[in-house]
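**Q** The sequence shown: position 231 = 401 (the working numbering), numbered continuously.
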Amino acid sequence: MDTPSRPPRKNALPALTVMVGNTRTTAVRWSPSGKAIAREGWATSCGGAVLARRIGAAVAGDGARIVLAGVVPRVVDALEERLSDLLRFRRNLPCPLRIRPRPARCVGDDRLAAALGALAIDPRVPWVVVDAGTALTVNGVRPAKRAAAGRPVGVFEGGLIVPGEQLALWALGGGTAQLPALKPLAPHASVSVCGNSTEEAMRCGVRQAQRAAACALARSQARSLGRWTRIALTGGGAAALWPALRRELGPFRPVWEPDLVHRGLWACMPQVR
């Protein structure tokens, strides 16, 4: 894992970054110096009231500042109502990116935070960010030509969105008369190129398609962003994609950073100067 190129920075208090995803809500606790020291996760389907209690318990007694973002508005709104003194990404915590897609408000918090996380690793080069979650997203971000306080740190160029592995299997099971509803293969399971049963054909076919899509889309975006572009992988399904990305996209110096979204949220916090 590469270390950030920016000068060391710190915040006054420890922080807890929270990302409400479609399937999972994850939280990472950060030291004031920017080291990830603990991780927790819960099913988003628990709802705002239950998640608020669990997040509140995670910061009880230590004064950690909560940074909240998410892609399920009703749950994020419920958390904002129940948790005090928090920073909500893109509300009272601005996103320091220029966003090209329109309307900008429809671009997911997770995509923007992951782009910021990539720039926190190395702010000098463009990045393609592959996020393997409920959806598989592949997004491009360029660093700002002139970095300065109060100015955007980069430009979010947009990207591509396709169904993630579980969503693809649900679509096959729910949209056909005879195909079953299945869970994905384990991340490190062997993957056949010719399934010997309907279940194996579905699971292996979807896994092979995810790997092929991630590599092809990331490669084409990296080439469009130009020389020195790097690739970052994150998300709950990243382990299943990493061997293929590392093998196929080696010239783009790929990194796998499980906390990329949270690193981006932490990087947005006000600094102690």
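Beta carbons are placed, not taken as given, at the ideal position from N, Cα and C, and that holds for glycine.
Where does the unbroken alpha helix (DSSP H) through residue 372 begin, and where does it stop?
**A** If you number the sequence shown from 1, residue 372 lands on position 202. Taken as a continuous stretch (DSSP letters only), the alpha helix (DSSP H) holding residue 372 covers 368-395.
**Q** Shortest alpha-carbon distance to residue 365 belongs to which of 323, 377, 412?
**A** Indexing the sequence shown from 1 puts residue 365 at position 195. Answer by Cα proximity: 377.
**Q** What distance in whole Å lies between the Cβ atoms of residue 349 and residue 313, which are believed to be in contact at a cut-off of 8 Å?
**A** On the sequence shown, residue 313 is found 143 positions in, with the first residue counted as 1. On the sequence shown, residue 349 is found 179 positions in, with the first residue counted as 1. With 8 Å as the limit, residue 313 and residue 349 do not qualify as a contact, their Cβ atoms being about 45 Å apart.
**Q** Could you check where the alpha helix (DSSP H) with residue 229 kicks off and where it finishes?
**A** The residue you call residue 229 lines up with position 59 of the sequence shown. First-last of the alpha helix (DSSP H) with residue 229: 218-229.
**Q** Would you list, in sequence order, the uninterrupted alpha helix (DSSP H) runs of no fewer than 4 residues that lie entirely inside the stretch 293-358?
**A** Correct list: 335-344.
**Q** Name, in chain order, the residues that DSSP records as bridge partners for residue 193.
**A** For this step, residue 193 is matched to residue 23 along the sequence shown. DSSP, once it has assigned bridges, lists no residue as partnering residue 193.
**Q** Please report the Cβ distance between residue 438 and residue 265, rounded to the nearest whole angstrom; I am assuming they are in contact, meaning their Cβ atoms lie under 8 Å.
**A** Sequence index remark: in the sequence shown, residue 438 carries index 268 (1-based). Sequence index remark: in the sequence shown, residue 265 carries index 95 (1-based). Confirmed, about 7 Å.
**Q** Suppose contacts are defined by Cβ-Cβ distances below 8 Å. Is residue 188 in contact with residue 237 by that definition?
**A** As a working note, residue 188 is residue 18 in the sequence shown. As a working note, residue 237 is residue 67 in the sequence shown. Going by C-beta atoms, residue 188 is nearer than 8 Å to residue 237.
**Q** Under the rule that 16 or more other beta-carbon atoms within 10 Å means buried, what is residue 296, buried or exposed?
**A** In the sequence shown, the residue the question calls residue 296 occupies position 126. Residue 296 should be labelled buried.
**Q** Which partner residues of residue 257 appear in the DSSP bridge assignment?
**A** The sequence position of residue 257 within the sequence shown is 87, counting from 1. Beta-bridge pairing links residue 257 to 237.
**Q** What residue range is occupied by the uninterrupted beta strand (DSSP E) comprising residue 402?
**A** Here residue 402 corresponds to residue number 232 of the sequence shown, with the count starting at 1. 400-404 is the extent of the beta strand (DSSP E) around residue 402.
**Q** In its own chain, which residues sit with a C-beta less than 6 Å from the C-beta of residue 199, not counting the 5 before and 5 after it?
**A** In the sequence shown, residue 199 corresponds to position 29, counting from 1. Closer than 6 Å at the Cβ level, and outside the excluded window around residue 199, lie 186, 207, 208.
**Q** Do you know offhand how far residue 304's Cα is from residue 316's?
**A** Translated into the one-based positions of the sequence shown, residue 304 becomes position 134. Translated into the one-based positions of the sequence shown, residue 316 becomes position 146. In a straight line, the C-alpha of residue 304 is about 35 Å away from that of residue 316.
**Q** CB-CB under 8 Å to residue 363, same chain, minus the five flanking residues each way: which ones, in chain order?
**A** If you number the sequence shown from 1, residue 363 lands on position 193. Around residue 363: 374, 378.
**Q** So what's residue 419 in DSSP terms, helix, strand or just coil?
**A** Indexing the sequence shown from 1 puts residue 419 at position 249. It is coil, neither helix nor strand.
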